[in-house]
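Peer 1: Here the numbering used here is used: position 350 in the sequence shown is 396, and no number is missing along the way.
Beta carbons are placed, not taken as given, at the ideal position from N, Cα and C, and that holds for glycine.
Here the structure is a predicted model, which means the values were calculated and not measured.
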Amino acid sequence: MSLEVSIRKRWGDFTLDMDFRTTEKSVSLLGASGCGKSMTLKCIAGIEEPFQGKIVLNGRVLFDRDRGINLPPQQRKVGYLFQNYALFPNMTLKKNIMCCVQDTKSKKEKEKKAEEILERFGLRELADLRPQQLSGGQQQRGALARILATDPQIMLLDEPMSALDGHLREQMTMELMGMVQEYGKEMILVTHNMKEAYRMSEQTILMENGKKIADGKNADIFKNPRTRQGAIITGFRNIVPIQKTEESLLLFPSLGIEKQMERQIPSFAAYAGILEKDIILGCRKEDADGEVMIHQVLEGPKDITYSLQVCKDGKIMPHSFLWYVGKKDRRYKKGEKVWFCFDAERITFFSE
């Protein structure tokens, strides 16, 4: 895939200012709700029109404000999977697919092509049912089958798992990826779920307030999202402000802790991300960075989350940590105080 998107669009008090290029087969737009992810997809599909910029897919100009080019959606060869799947409620599943078969005008040929697609998606027995008679997973497969009947160059998936119950997400993620790969389609996924972004794409673009804040290969962007907001989006839980007091001395003001660093502290560093696996509770006092109080204990079906508050000179510091263990490793109760330490050489630095 070769996709170039450089667009501006305003609605209400919000401005979308999106600029990215990719040559990957699968890309995720990851960010909080309302950051402009779905609007970006709609502009690529031609459902919404930017007031400025251009969109080029595989060398073909879909939109260029300066040149007066704005192809209608049906000419863009783009398949759009809406959050609610948008199957026509007054049609059977088979007719939903038939109406999107574009390589023939013959009703008989359209019917034959629809039956082949239904068979391939495991939906043949549901052909005569209407959307309201289908489960969420069946509707999703039906909507995807209808899109692929148009033979699009690229698939745009807008929160495809949002309407599914939790226990169906894993199964449908596997099925959806299998279908897209089987048909050899390129894909852009919109999601606010970091696991879906990582699993379903090769490149992730992080978005905030209508703008790209970072992008890169998944392994790189999730390991080092570069900014504080990027770290939040990609799942860093323990993010604390830092100050560089000397060349290799790092101060954590909200924890009341200083750490002597062996590696160089980058000039942009304003925050540090501390991974849960690098925090040790119950270490010896002489090895400790400080003392924490177990502030809250949240028990899940398979693990336990501890909220830890640092104690310094008899006072509770303003920042708290989160720490996770399996249920079999439960050790502490609410209100207990224990010594703790963490490996400062493994922290990740973020800019503001």
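Going by DSSP, what residue range makes up the alpha helix (DSSP H) through Arg106?
Peer 2: For Arg106, no alpha helix (DSSP H) run applies; the uninterrupted beta strand (DSSP E) run containing it begins and ends at 106-110, by DSSP.
Peer 1: Taking the alpha-carbon positions, what's the Ala315 to Thr351 distance?
Peer 2: Rounded to the nearest angstrom, the two C-alpha atoms are 28 Å apart.
Peer 1: I'd like the list of long-range same chain contacts for Val102, defined as Cβ closer than 6 Å, with 5 residues on each side in sequence excluded.
Peer 2: Glu50
Peer 1: Terminal residues of the continuous alpha helix (DSSP H) containing Leu164?
Peer 2: For Leu164, the enclosing alpha helix (DSSP H) starts and ends at 153-166.
Peer 1: What does Ile350 pair with, by DSSP beta-bridge criteria?
Peer 2: Glu345, Val371
Peer 1: Ignoring anything shorter than 3 residues, give me the beta strand (DSSP E) runs that lie fully in the stretch 247-314, in order along the chain.
Peer 2: 249-254, 257-263, 285-287, 295-298, 303-306
Peer 1: Expressed to the nearest angstrom, what Euclidean distance is found between the alpha-carbon atoms of Lys263 and Gln98?
Peer 2: 28 Å
Peer 1: For Ile90, does the three-state DSSP call read helix, strand or coil?
Peer 2: helix
Peer 1: Quick one, are the C-beta atoms of Ile193 and Gly105 less than 8 Å apart?
Peer 2: no
Peer 1: Just to confirm my understanding: we take Ser300, look at its own chain, exclude 5 residues before and 5 after, and list those with CB closer than 7 Å. What are they?
Peer 2: Val286, Pro287, Met363, Pro364, His365
Peer 1: Would you please state the rounded distance, in angstroms, between the beta carbons of Ser74 and Thr250? I believe it to be under 8 Å.
Peer 2: 5 Å
Peer 1: Roughly how far, in whole angstroms, is the beta-carbon of Arg283 from the beta-carbon of Ser397, given that I think they are within contact range, below 8 Å?
Peer 2: At roughly 19 Å, the Cβ-Cβ gap does not stay under 8 Å, so Arg283 and Ser397 are not in contact.
Peer 1: Going by C-alpha distance, which of Lys123, Gln120, Gly92 is nearest Phe109?
Peer 2: Gly92
Peer 1: To which residues of the same chain is Pro312 closer than 6 Å at the C-beta, ignoring the five residues directly before and after it?
Peer 2: Phe395
Peer 1: Compare the Cα-Cα distances from Glu248 to each of Thr68, Tyr131, Asp63, Val371 and report the closest residue.
Peer 2: Thr68
Peer 1: Looking at C-alpha atoms only, which residue of Gly80, Glu70, Met64, Ser48 is the closest neighbour of Gly403?
Peer 2: Outside the displayed span of the chain (47 to 398) sits residue 403, for which this structure offers no information.
Peer 1: I'd like the ranges of any beta strand (DSSP E) spanning at least 3 consecutive residues and lying wholly in the stretch 312-337.
Peer 2: 317-319, 325-327
Peer 1: Excluding five sequence neighbours on each side, which residues of the same chain lie with their C-beta closer than 7 Å to the C-beta of Cys387?
Peer 2: Taking Cys387 as the centre and dropping the five residues before and after it, the same chain places the C-beta of Ile326, Cys329, Asp333, Ala334, Asp335 closer than 7 Å to its C-beta, in chain order.
Peer 1: First and last residue of the alpha helix (DSSP H) that includes Gly186?
Peer 2: What sits at residue 186 in the sequence shown is Gln, not Gly. 182-194 is the extent of the alpha helix (DSSP H) around Gln186.
Peer 1: In chain order, what residues of the same chain have a beta carbon less than 7 Å from the beta carbon of Pro206, not counting five sequence neighbours either side?
Peer 2: Leu127, Gln186, Leu222
Peer 1: For the alpha helix (DSSP H) containing Ile393, list its first residue and its last residue.
Peer 2: Looking at the DSSP string, Ile393 is not in any alpha helix (DSSP H), and its letter there is neither H nor E.
Peer 1: What residue does the beta strand (DSSP E) around Lys141 start on, and which one ends it?
Peer 2: Run containing Lys141: none in the beta strand (DSSP E); it sits in the alpha helix (DSSP H), 139-144.
Peer 1: Please report the distance separating the alpha-carbon of Arg170 from that of Glu162.
Peer 2: 9 Å
Peer 1: Take the Cβ of Arg377 as the centre, count every other Cβ of all protein chains shown within 10 Å, and call the residue buried at 16 or more, exposed below.
Peer 2: Flag for Arg377 reads exposed.
Peer 1: Rounded to whole angstroms, how far is the Cβ of Leu76 from the Cβ of Leu252, which I believe are closer than 8 Å?
Peer 2: 6 Å
Peer 1: Mind checking Lys154: buried by the 16 CB within 10 Å criterion, or exposed?
Peer 2: exposed
Peer 1: How should Phe134 be labelled, buried or exposed, when 16 other C-beta atoms within 10 angstroms of its C-beta is the threshold for buried?
Peer 2: exposed
Peer 1: If you compare alpha carbons, which of Gly372, Arg56, Met220, His341 is closest to Lys348?
Peer 2: Gly372
Peer 1: In its own chain, which residues sit with a C-beta less than 7 Å from the C-beta of Trp369, not counting the 5 before and 5 after it?
Peer 2: Glu322, Ile325, Leu327, Tyr352, Leu354
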